[in-house]
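Data block below; observations after.
Number of protein chains: 2
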Amino acid sequence: MQTELKAALAETATAVERTISHLLPSTEMAEAPLFEAMRYGCLNGGKRLRPFLVLHSASLFGVNADCALRVGAAVEFVHCYSLIHDDLPAMDDGELRRGRPTVHRQFDEATAILAGDGLLTFAFEVLADPETHEDPNVRCQLVTALAKASGGRGMVGGQMLDLIAEHETFDLGTTTRLQRMKTGELIAFSCEAGGILGKAAPAQRHALRAYAHDLGLAFQIVDDLLDVEGTQEETGKTVGRDAQAGKATFVSILGRERARAQAEMLSRQAAAHLEIFEGRADMLKAVAEFVVARRA
Amino acid sequence: MQTELKAALAETATAVERTISHLLPSTEMAEAPLFEAMRYGCLNGGKRLRPFLVLHSASLFGVNADCALRVGAAVEFVHCYSLIHDDLPAMDDGELRRGRPTVHRQFDEATAILAGDGLLTFAFEVLADPETHEDPNVRCQLVTALAKASGGRGMVGGQMLDLIAEHETFDLGTTTRLQRMKTGELIAFSCEAGGILGKAAPAQRHALRAYAHDLGLAFQIVDDLLDVEGTQEETGKTVGRDAQAGKATFVSILGRERARAQAEMLSRQAAAHLEIFEGRADMLKAVAEFVVARRA
């Protein structure tokens with residue numbers, strides 16, 4: 001299954017790349033550097049895990065793949081904007097991202113701020129467009145869910161907690177909440193989006209949400225492990241920054257062994273939530289395995 | 297009429313203040329500084345011109361005032377986020393805004409970046425909420441229009457042009473395009489929003505759009521004039537920054553006299569577009585006069 005998953009991830013990555021490039025063309029106008037920075041920040045990179053979750057949760061309900069790809073691109077715009085702003089000197093001051101200079105290093109700080117703002121705004125424009133779904137109620141639900149997942153009570157709130165974590169020591173409860181907000185909510189949206197697009201029944205939406213919740217935490221624990229165990233060559237980004245900043249992470253609180261055991265438990269639990277879909281959710285179950293086995 | 301307008305502006309400002317405070321409460325959670333910065337950045341300040349335009353364009357069509365106030369608050373979230381990011385050290389490096397320290401001076405840079413991100417995201421959450429309008433089609437149209445007005449082809453694109461203007465000399469055509477994008481599009485959205493909420497006929501929407509177009513340019517020309525003629529005490533912000541940065545503005549291109557004449561012509565032309573609404577648009581006509589007469 002992991003071989004099939006890798007092929008499917010590669011296929012999705014290609015389709016997402018094409019969709020993003022189509023939605024976000026270059027321009028000849030004087031503001032061209034903005035669009036270059038937006039494209040630089042969200043093309044040529046990443047596992048495209050979130051769009052993959054959108055596509056494969058949507059396929060459970062027979063949703064048109066082009067619609068799901070648009071939603072996948074929108075999630076990726078939000079994910080990439082958050083990386084661009086997170087990498088700014090005033091935030092994490094990242095130099096490398098996916099093996100290339102970060103946006104503010106390749107362009108400049110002001111352009112990076114605006115490119116992030118532009119991508120975030122564009123995500124909502126794409127979701128609200130009738131091409132994403134014929135039913136305006138579905139489109140509004142997508143906008144609402146993405147805004148909640150990425151705003152002050154979601155991802156942006158998690159980034160704020162992450163800043164505070166540099167000078168306060170959080171316990172396991174607050175660290176879990178931080179990570180659920182910072183990365184978990186957007187992963188949860190990606191899985192829920194398929195259910196929204198497919199007008200899924202409440203029990204099905206609940207199963208997807210529970211899966212996403214466990215998957216997101218497992219994902220983050222492994223991210224923390226890779227920050228300690230990984231190399232810059234493997235991960236394509238600067239490693240060891242959490243420890244350097246003295247931040248509480250799952251690894252610093254639980255230790256490496258217990259952290260890995262916890263990630264593996266969450267991965268199995270995530271897959272178990274999908275039993276109601278029977279064989280149709282095998283790809284999503286494989287993602288849960290992949291997330292804890294990855295080296296980048 | 298200007299006395300009535302001033303009373304109406306003050307009344308709207310109070311209602312907007314209340315709506316924003318209600319929509320965006322403080323929190324006791326660890327991420328509290330984020331919400332404090334978001335509130336600091338959009339409470340206690342400003343003329344609330346954009347919400348006023350939403351309310352009074354909506355009232356032409358008998359739209360419920362609470363719905364219009366929510367849309368007015370959403371526009372203000374976007375306007376205030378743009379000021380917060382524009383004031384950052386990497387952008388305009390503003391120290392004062394509405395007579396108080398800018399958000400990054402009052403909090404810190406990272407918090408200001410996140411507060412801006414949070415406000416932008418929240419604007420879309422508010423628009424997509426069923427409380428804003430019962431018809432999901434109307435809500436989607438609002439999201440689309442706001443995203444277009446504020447994204448890379450709207451406000452954010454205009455901010456990019458503004459950065460480029462620091463080291464390139466734009467002609468009158470590009471300067472006009474810059475200003476239409478940077479401030480005009482959001483003003484245009486504010487006027488269009490009433491038409492969207494009220495399901496206005498195409499001719500009515502067209503009239504509102506034409507009004508907003510001329511109003512926005514007049515507004516910006518006067519902003520440029522105030523940057524040259526105004527004092528920090530009057531405007532509540534640092535003045536003379538455009539000249540210092542060597543930026544082409546309407547004033548540097550046209551000279552003060554022709555710039556003022558142009559603003560006055562645009563103001564009269566803006567009001568003329570509203571003739572189809574007969575007496576019902578008197579308040580919007582008065583705004584066009586107010587915009588060129590203001591000292592802040």
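These protein sequences, in sequence, are chains A and B. For the record, in the first sequence the residue sitting at position 242 is 242 according to this note's numbering, with numbers rising by one throughout. For the record, in the second sequence the residue sitting at position 294 is 590 according to this note's numbering, with numbers rising by one throughout. A virtual CB, placed ideally from N, CA and C, is assigned to each residue, including glycine. Please read all numbers here as calculations on a predicted model, not as lab measurements.
For residue i versus residue j, is the C-beta spacing smaller than 8 Å?
| i | j | result |
| --- | --- | --- |
| Leu379(B) | Ala408(B) | no |
| His133(A) | Cys191(A) | no |
| Ala445(B) | Phe418(B) | no |
| Gly157(A) | Leu34(A) | no |
| Ala245(A) | Glu166(A) | yes |
| Met451(B) | Glu31(A) | no |
| Leu266(A) | Asp214(A) | yes |
| Arg70(A) | Thr12(A) | no |
| Leu120(A) | Leu142(A) | no |
| Ala110(A) | Leu459(B) | yes |
| Gly494(B) | Val399(B) | no |
| Cys140(A) | Pro397(B) | no |
| Leu570(B) | Ala503(B) | yes |
| Ala296(A) | Glu257(A) | no |
| Leu392(B) | Gln528(B) | yes |
| Ala187(A) | Arg39(A) | One point to set straight first is that residue 187(A) is Ile, not Ala, in the sequence displayed. Contact: no. |
| Val350(B) | Gly337(B) | no |
| Thr440(B) | Asp224(A) | no |
| Leu305(B) | Phe573(B) | no |
| Arg241(A) | Asp92(A) | yes |
| Tyr507(B) | Leu410(B) | no |
| Gly532(B) | Arg401(B) | no |
| Ala555(B) | Thr465(B) | no |
| Phe403(B) | Ala311(B) | no |
| Val251(A) | Ile196(A) | no |
So what does DSSP say about residue i, is it helix, strand or coil?
| i | result |
| --- | --- |
| Leu423(B) | helix |
| Arg297(A) | With chain A running from 1 to 296 in the structure shown, residue 297(A) is simply not present. |
| Pro33(A) | helix |
| Ser21(A) | helix |
| Asn340(B) | coil |
| Glu234(A) | helix |
| Ala200(A) | coil |
| Lys543(B) | coil |
| Asp117(A) | helix |
| Arg294(A) | coil |
| Thr27(A) | coil |
| Thr132(A) | coil |
| Gly216(A) | helix |
| Met283(A) | helix |
| Met561(B) | helix |
| Met334(B) | helix |
What is the C-beta distance between residue i and residue j, in whole angstroms, given that I count them as a contact (C-beta under 8 Å)?
| i | j | result |
| --- | --- | --- |
| Thr471(B) | Phe515(B) | Not a contact, Cβ separation roughly 15 Å. |
| Ala370(B) | Leu442(B) | 7 Å |
| Gly512(B) | Ala354(B) | Rounded, the Cβ-Cβ distance is 18 Å, inconsistent with contact. |
| Leu339(B) | Ser317(B) | 6 Å |
| Ala557(B) | Leu301(B) | At roughly 23 Å, the Cβ-Cβ gap does not stay under 8 Å, so Ala557(B) and Leu301(B) are not in contact. |
| Phe124(A) | Phe420(B) | 5 Å |
| Val228(A) | Val291(A) | With 8 Å as the limit, Val228(A) and Val291(A) do not qualify as a contact, their Cβ atoms being about 17 Å apart. |
| Ala270(A) | Ala288(A) | 4 Å |
| Tyr377(B) | Gly412(B) | 4 Å |
Identify the contact partners of residue i in chain C, using a Cβ-Cβ distance below 7 Å as the criterion.
| i | result |
| --- | --- |
| Thr174(A) | The chain inventory of the structure shown lacks chain C, comprising the protein chains A and B. |
Give the residues from the stretch 94-124 of chain A that approach chain B closer than 9 Å (Cβ to any Cβ), ordered along the chain. Cβ contacts with chain B come from His104, Asp108, Glu109, Ala110, Thr111, Ala112, Ile113, Leu114, Ala115, Gly116, Asp117, Gly118, Leu119, Leu120, Thr121, Phe122, Ala123 and Phe124.
By the 7 Å beta-carbon criterion, what residues does the stretch 135-148 of chain A contribute toward chain B? Cβ contacts with chain B come from Pro136, Asn137, Arg139, Cys140, Val143, Thr144, Ala147 and Lys148.
Quick one: which residues of the stretch 374-389 of chain B get their C-beta closer than 7 Å to a C-beta of chain A? List them in chain order. If the cut-off is 7 Å between Cβ atoms, the stretch 374-389 of chain B has His381, Leu384, Ala386 and Met387 near chain A.
Using a beta-carbon distance cut-off of less than 7 Å, what residues from the stretch 450-467 of chain B approach chain A? Residues of the stretch 450-467 of chain B with a Cβ closer than 7 Å to any Cβ of chain A, in chain order: Val452, Gly453, Gln455, Met456, Leu457, Leu459 and Ile460.
Give the residues from the stretch 552-577 of chain B that approach chain A closer than 7 Å (Cβ to any Cβ), ordered along the chain. Residues are counted here when their Cβ sits less than 7 Å from a Cβ of chain A; for the stretch 552-577 of chain B the count is zero.
Which runs of the alpha helix (DSSP H) spanning at least 4 residues fall entirely within the stretch 148-205 of chain A, listed in chain order? Runs found: 155-164, 172-179 and 185-197.
Output the residue ranges of the beta strand (DSSP E) runs that lie fully inside the stretch 357-404 of chain B and measure 3 residues or longer, sorted by chain position. Taking 3 residues as the shortest admissible run, the stretch 357-404 of chain B contains no complete beta strand (DSSP E) segment at all.
Contacting positions in the stretch 317-350 of chain B - beta carbon closer than 7 Å to chain A: Residues Ala326, Glu327, Pro329, Leu330, Phe331 and Met334.
Against chain A: residues of the stretch 504-530 of chain B by CB proximity under 7 Å: Answer in chain order: no residues at all.
Determine which residues of the stretch 239-252 of chain A have a Cβ less than 9 Å from any Cβ of chain B, and write them out in chain order. Contact residues of the stretch 239-252 of chain A toward chain B are absent (C-beta to C-beta distance below 9 Å).
Using a Cβ-Cβ cut-off of less than 9 Å, give me the residues of the stretch 61-74 of chain A that come near chain B, in sequence order. Hits within the stretch: zero.
What residues from the stretch 477-492 of chain B come within 9 Å of chain A, judged by C-beta to C-beta, listed N to C? Cβ contacts with chain A come from Met477.
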